[in-house]
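Enquirer:
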Amino acid sequence: MSFPLLTVTALVPAAGAVLTAAVPAARRTAAKWLALLFSLATLALAVLVAVRFEPGGARYQLTESHAWIPDFGVRYELGVDGIGVALIALTAVLMPFVILAGWHDADPLETKSRRWRPTQGFFALILMVEAMVIISFEATDVFLFYVFFEAMLIPMYFLIGGFGDRAVSSRSAAAAAGGSDENAAAQRSYAAVKFLLYNLAGGLIMLAAVIGLYVVAGNFSLQEITAARAAGTLDMATNTERLLFLGFFFAFAVKAPLWPLHTWLPNAMGESTAPVAVLITAVVDKVGTFAMLRFCLGLFPDASKWATPVILVLALISIVYGALLAVGQRDIKRLVAYASISHFGFIVLGIFAMTSQGQSGATLYMVNHGLSTAALMLVAGFLISRRGSRLIADYGGVQKVAPVLAGTFLIGGLATLSLPGLAPFVSEFLVLVGTYARYPVVGIIATVGIVLAALYTLVLYQRTMTGPVKEEVRAMPDLRLREMLVVAPLIALLIGLGVYPKVLTDIVNPAVEYTMSDVKRTDPKPEVAVEAVPAKNGEAAK
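Positions in the sequence shown are counted from 1; adding 14 to them yields the numbering used here.
#1: With the cut-off set at 7 Å, would you say L424 and Y470 are in Cβ contact?
#2: Taking C-alpha atoms, which residue in G435, M490, D95 lies nearest to P515?
#3: In whole angstroms, what separates the C-alpha of W130 from that of F172?
#4: According to DSSP, what are the bridge partners of S569?
#5: What are the boundary residues of the alpha helix (DSSP H) that L25 is part of?
#6: Just reading off the alpha helix (DSSP H) that N253 is part of, what are its end residues?
#7: Starting from the Cα of I97, find the closest Cα among S286, R452, A64 and give me that residue.
#8: Run the CB neighbour count on P110, radius 10 Å, all protein chains shown included, and call it buried at 16 or more, exposed below.
#9: Checking 7 Å against the spacing of the C-beta atoms, do A4 and F137 come in under that value?
#10: Considering T43, what are the terminal residues of the alpha helix (DSSP H) in which it resides?
#11: Taking 6 Å as the limit between beta carbons, can you name the residues of its chain near E497, skipping five residues before and five after?
#12: Strictly by DSSP, which residues pair up with G178?
#13: Can you pull the DSSP bridge partners for S374?
#14: Count the other C-beta atoms from every protein chain shown that fall within 10 angstroms of the C-beta of T303, then say buried if there are 16 or more, exposed otherwise.
#15: Keeping to the same chain, check which residues put their C-beta closer than 7 Å to that of P169; ignore five residues upstream and five downstream.
#16: Would you list, in sequence order, the uninterrupted alpha helix (DSSP H) runs of no fewer than 4 residues that lie entirely inside the region 462 to 527?
#17: Hey, out of G232, A103, V112, whose CA is closest to G87's CA?
#18: Figure out for me which residue from K414, A288, I509 has the closest Cα to the Cα of S403.
#19: What would DSSP say about S16, mapped onto helix, strand or coil?
#20: Sorted by chain position, which residues of the same chain lie with C-beta nearer than 6 Å to W82's C-beta, five sequence neighbours on each side aside?
#21: If we count the other Cβ atoms within 10 Å of its Cβ and call it buried at 16 or more, is A188 buried or exposed?
#22: Return the chain-ordered list of same chain residues with a C-beta closer than 8 Å to the C-beta of A29, the five sequence neighbours on each side being excluded.
#23: Roughly how many whole angstroms lie between the Cα atoms of P315 and T77?
#24: Would you kindly report the start and end of the unbroken alpha helix (DSSP H) that includes T154?
#25: State the start and end residues of the unbroken alpha helix (DSSP H) segment that holds V412.
#26: Measuring straight from C-alpha to C-alpha, what distance separates A103 and L57?
#27: Could you tell me the boundaries of the alpha helix (DSSP H) in which W320 lies?
#28: Please report the distance separating the alpha-carbon of Q371 from that of T519.
#29: Using a Cβ-Cβ cut-off of 7 Å, state whether L48 counts as contacting chain B.
#30: Taking T240 as part of the alpha helix (DSSP H), name the residues at either end of that continuous run.
#31: Determine the DSSP secondary structure at S432, reduced to helix, strand or coil.
#32: If I measure Cβ to Cβ from K414 and keep anything under 7 Å in the same chain, skipping five residues before and after, which residues do I get?
#33: Using DSSP bridges, identify the partner residues of D537.
#34: Tell me which residue opens and which closes the alpha helix (DSSP H) that A451 is part of.
#35: Is the beta carbon of D345 sitting closer than 7 Å to the one on F234?
#36: Would you say Y212 and V290 are within 7 Å of each other, going by their C-beta atoms?
Structure follows, in structure tokens:
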């Protein structure tokens with residue numbers, strides 16, 4: 015029996031969550047270091063997974079399969095393809111930075127209502143989310159995936175509602191000025207409940223589709239079902255396939271989030287601490303787009319092609335609508351949230367363009383968006399913690415008093431607008447090229463998002479970092495050592511993957527080829543005629 019590497023990779027953060035929660039209340043610092051240690055151990059295991067994965071090998075590798083609920087055909091089945099490996103690596107890379115950035119976010123807090131937040135619980139919940147996300151990227155049993163797809167909502171609910179942001183926001187400025195702790199708590203509760211209800215609604219619809227899939231296929235194994243479809247031994251009526259596809263896609267579109275199911279995200283990110291906001295959009299939401307590739311296209315290829323025109327329209331609306339709302343935001347964190355909605359539109363666009371460039375770009379976009387959003391949001395969190403406000407109008411001239419903070423904020427912003435030389439440019443370029451190859455009009459309209467991204471990013475930097483120094487930011491300190499340890503590696507990754515993306519494309523491209531074969535699509539042939547090369551020195555013309 016081979017070593018269960020995938021199980022251990024998910025089990026280590028889960029064990030870390032239990033041990034961190036068990037640390038005595040008086041040993042808060044020990045709980046932080048323990049959580050950081052387990053996140054680093056998980057990162058080491060994720061690196062081992064990437065090293066042992068062979069891009070040219072079988073589609074699913076490092077597989078594990080054990081009986082779980084045999085009476086219902088449910089098995090504990092794990093396996094990773096190149097897309098799963100890339101996203102597990104992203105999750106494991108971000109977690110130590112999330113923990114370091116939130117080092118003081120859950121310190122005991124005395125308020126007028128005399129409530130305080132348990133530090134151990136904060137870090138334990140983060141590790142538990144990591145464990146559930148990783149096993150979601152590994153699961154090849156549909157029911158097993160569904161269990162953890164839904165279970166991760168519980169720790170996220172408590173992270174949003176129980177450990178919210180204390181800074182002044184555009185919605186709570188008046189209440190915060192009056193010192194209303196109850197109002198701030200109510201807004202956090204509203205955001206947490208909205209997050210939970212939206213995602214639970216999607217999950218319940220998906221559960222009905224999961225049951226329907228079992229009735230049709232007789233099992234929950236992704237590999238068995240896709241193999242049966244390819245061999246023509248699985249009889250699935252057209253209308254049945256479409257209904258099942260819609261059940262799965264709806265849940266993934268909520269998680270992604272895709273317009274018009276996106277409205278929970280700005281509330282959740284706005285009321286969360288910056289590290290939890292990163293956890294939401296850079297890690298948890300990627301499960302939705304990942305599942306579109308693995309389950310929607312793998313299980314329901316014909317229905318995926320049937321729904322493509324509508325999904326492309328929804329993706330375009332997400333791109334333009336999210337970017338337009340980001341331009342008009344007064345709250346820094348909500349601006350990043352709406353920008354993320356626009357970016358997720360690009361990811362969905364690449365997936366359903368049904369080209370190898372588009373799907374490779376979409377997968378790279380998941381990774382690169384996670385890195386760029388983490389860099390921008392965490393630096394924004396450091397900025398907000400110094401001033402105590404999320405309002406853009408409360409800043410000005412920061413680059414003169416905190417040049418390192420302003421410089422890292424600028425790099426994160428430039429990555430968000432996909433500046434050439436930084437990692438997101440490669441992925442956005444591939445998505446647009448892949449989309450244009452099959453749907454030229456859609457590809458052209460999607461480029462509007464690039465222009466708007468430049469607008470909201472540069473205007474944000476101008477209003478917060480340049481101009482006269484406001485009196486409230488005059489004494490603002492620059493980034494400290496712990497904060498530099500968070501930001502510097504993220505910037506290095508953005509530059510490194512922007513210059514040399516081959517590290518990721520070599521892993522991702524074979525998995526994309528399998529996905530393209532699932533939906534029986536090939537890349538459109540170039541329409542430009544190739545002229546014959548004139549013969550030289552008596553040689554035959556080529």
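Glycine residues also receive a C-beta, built at the ideal position from the N, C-alpha and C atoms.
Expert: With the structure as the only source:
#1: Contact annotation: L424 and Y470 have beta-carbon atoms that are not nearer than 7 Å.
#2: Nearest C-alpha to P515: G435.
#3: Bear in mind that a pLDDT of 49 at W130, under 50, signals an unreliable position, so the model cannot answer this.
#4: Given that the chain is displayed from residue 15 to residue 556, the structure contains no residue 569 and the question cannot be resolved.
#5: Annotation for L25: the continuous alpha helix (DSSP H) segment containing it runs 19 to 35.
#6: Unbroken alpha helix (DSSP H) run through N253: 252 to 269.
#7: The residue with the shortest Cα to Cα distance from I97 is A64.
#8: So P110 counts as buried.
#9: Residue coverage of the chain in this structure runs from 15 to 556, which leaves residue 4 outside it and unanswerable.
#10: Residues 42 to 66.
#11: Within the same chain, Cβ atoms closer than 6 Å to the Cβ of E497 are found at F396, the five residues on either side in sequence being excluded.
#12: When DSSP reads this structure, G178 sits in a beta bridge with S286.
#13: Residue pairing for S374: DSSP places it in no beta bridge.
#14: In the assembly as shown, T303 is a buried residue. Its beta-carbon has 16 or more other beta-carbons within 10 Å.
#15: The answer, listed in chain order, is L139, M142, V143.
#16: Correct list: 462 to 479, 495 to 513.
#17: Restricting attention to G232, A103, V112, the CA atom closest to the CA of G87 is found in G232.
#18: Nearest neighbour of S403 by Cα position, chosen from K414, A288, I509, turns out to be A288.
#19: For S16, the three-state secondary structure derived from DSSP is coil.
#20: Listed in chain order, the non-local C-beta contacts of W82 below 6 Å within the same chain comprise V88, R89, Y90, local neighbours out to five positions each way being set aside.
#21: Only weak support is given to the placement of A188: the predicted model assigns it a pLDDT of 41, under 50, and the value that follows is read from those uncertain coordinates. Within 10 angstroms of the beta-carbon of A188 lie fewer than 16 other beta-carbons, which makes it exposed.
#22: Excluding sequence neighbours, A29 sits near F52.
#23: Spanning the two alpha carbons is a distance of roughly 24 Å.
#24: T154 -> no alpha helix (DSSP H), and no H or E assigned at all.
#25: V412 -> alpha helix (DSSP H) spans 412 to 415.
#26: Going from the Cα of A103 to the Cα of L57 covers about 7 Å.
#27: Going by DSSP, W320 is part of the alpha helix (DSSP H) stretching over 315 to 341.
#28: Looking at the two C-alpha atoms, the distance is approximately 10 Å.
#29: Checking the listed chains, one finds no chain B in this structure; it contains a single protein chain.
#30: Start and end: 236 to 245.
#31: Assignment of S432 by DSSP, reduced to helix, strand and coil, places it in the coil class.
#32: For K414, same chain residues with a beta-carbon under 7 Å away, outside a window of 5 residues either side, are V483 in chain order.
#33: Per DSSP, none; premise fails for D537.
#34: Residues 437 to 452.
#35: Judged by their CB atoms, D345 and F234 are not nearer to each other than the 7 Å cut-off.
#36: Against a cut-off of 7 Å, the Cβ pair of V290 and Y212 comes out as no contact.
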